[in-house]
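These notes concern the structure reproduced below.
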Amino acid sequence: EMCIRDRYKGELKLDGKNLNVVAINYEKEEQVSETKVVESIHHIHVLDRSYSMSRDIDTLIDNVIETFKHIGPQDLISVIWFASEDQCKVLFKGASVHMKDMIIKKLDSIRDCVGCTCFSEPLKQVKEVMDDLEDLCPNFNVAFFTDGCTVTPWSNQEEKERIFNILEPLSSRLLAFNTIGYGNWYDEELLVKMASNSMFGRFTHSRMIDDYSTIFKHEYEN
């Protein structure tokens, strides 16, 4: 963008007419950038395990395992799964790639699907993981994956209020809150708004379930 440095005003007589002349000097506005150096990142995978994922849950879990090759040896990993409002759990938290066998065993235990879709409950779990492990690593990168819209006993409006009442206070503590909408039946507007609550967060549409590892790698490099 350009900004005005100086402005001059005068008069000029041209063809018998008195005209006002304004001369403006511009200079390019200095771009201010911020660099954040981190030694490790805590990756929190938040995975939709609702019934609509029944055909794809195995491949999604395989893709989560595939992401381990993209992260640093000092990074931490947590996984949270969600379905209905009373079906949500932290599968494990604060693990590292050196604990791969344990992680795979845990992930293998959720290769089936249950319930409907509630976003606000897993977000409570995200906050708890951040609160518990912030001293180990304060740099949080969340990948929130879903293939559907919220289905809860309360209204959609109340669910959205619950989501942002949790998410907005976390925004200053998040490097990235990335949302991934898989298929054709998710609420894109909601996922875009959720992703905006972080420094580097963004929404990505996933056409194929195998995209997960590639999307994660791309966002991690960003």
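Taking our numbering, the leading residue of the sequence shown gets 2, the next gets one more, and so forth. Backbone N, C-alpha and C fix where the C-beta goes; we use that ideal spot for every residue, glycine too. As the structure is a prediction and not an experimental result, all values here were calculated from the model.
Check whether the stretch 49 to 59 and the stretch 77 to 94 touch, using three or more Cβ-Cβ pairs below 8 Å as the test. yes
Could you compute how far the alpha carbon of Tyr-213 sits from the alpha carbon of Ile-66? Mapped onto the sequence shown, residue 213 falls at position 212. Mapped onto the sequence shown, residue 66 falls at position 65. If I take the Cα positions, the gap works out to 10 Å.
Whole-angstrom distance between Leu-175 and Gly-182, CA atom to CA atom: Along the sequence shown, read from residue 1 onward, the residue named residue 182 stands at position 181. Along the sequence shown, read from residue 1 onward, the residue named residue 175 stands at position 174. So the two alpha carbons sit approximately 20 Å from each other.
Could you pull the start and end residues of the alpha helix (DSSP H) that Ile-111 belongs to? The residue given as residue 111 occupies position 110 in the sequence shown. Neither: Ile-111 is in no alpha helix (DSSP H) and is coded neither H nor E.
Helix, strand or coil at Thr-60 [DSSP, three-state]: For this step, residue 60 is matched to residue 59 along the sequence shown. Note: Thr-60 maps to helix in three-state DSSP.
Taking a contact to mean a Cβ-Cβ separation below 8 Å, would you say Phe-141 touches Met-131 in this structure? By one-based count along the sequence shown, residue 141 stands at place 140. By one-based count along the sequence shown, residue 131 stands at place 130. Against a cut-off of 8 Å, the Cβ pair of Met-131 and Phe-141 comes out as a contact.
Look up Asp-49 in the DSSP assignment and give the residues it is bridged to. One-based indexing of the sequence shown puts residue 49 at position 48. The secondary-structure analysis by DSSP pairs Asp-49 across a beta bridge with Phe-83.
Does the beta-carbon of His-43 have 16 or more other beta-carbons within 10 angstroms, so that it is buried, or is it exposed? Here residue 43 refers to the residue found at position 42 when the sequence shown is read from its first residue. With 16 or more other Cβ atoms within 10 Å, it is buried.
Can you give me the C-alpha to C-alpha distance between Cys-150 and His-206, rounded to a whole angstrom? Here residue 150 corresponds to residue number 149 of the sequence shown, with the count starting at 1. Here residue 206 corresponds to residue number 205 of the sequence shown, with the count starting at 1. If I take the Cα positions, the gap works out to 14 Å.
Should Arg-163 be labelled buried (16 or more other beta-carbon atoms within 10 Å of its own) or exposed? For the purposes of this step, residue 163 is identified with residue 162 of the sequence shown, where counting begins at 1. With 16 or more Cβ atoms within 10 Å of its Cβ, Arg-163 is classed as buried.
Have a look at Thr-68, Leu-171 and Gln-158 and flag the residue whose alpha-carbon is nearest the alpha-carbon of His-219. Taking the first residue of the sequence shown as 1, we reach residue 219 at position 218. Taking only the C-alpha atoms, the option nearest His-219 is Thr-68.
Would you mind working out which of Arg-112, Leu-77, Gln-75 and Ser-97 sits nearest Arg-56, comparing C-alpha positions? Within the sequence shown, the letter at position 55 stands for residue 56. Among Arg-112, Leu-77, Gln-75 and Ser-97, the Cα nearest to that of Arg-56 is on Arg-112.
In or out: Gly-73 buried (at least 16 other Cβ within 10 Å) or exposed? Within the sequence shown, numbered from 1, the residue matching residue 73 stands at position 72. Counting Cβ neighbours within 10 Å, Gly-73 comes out exposed, since fewer than 16 surround it.
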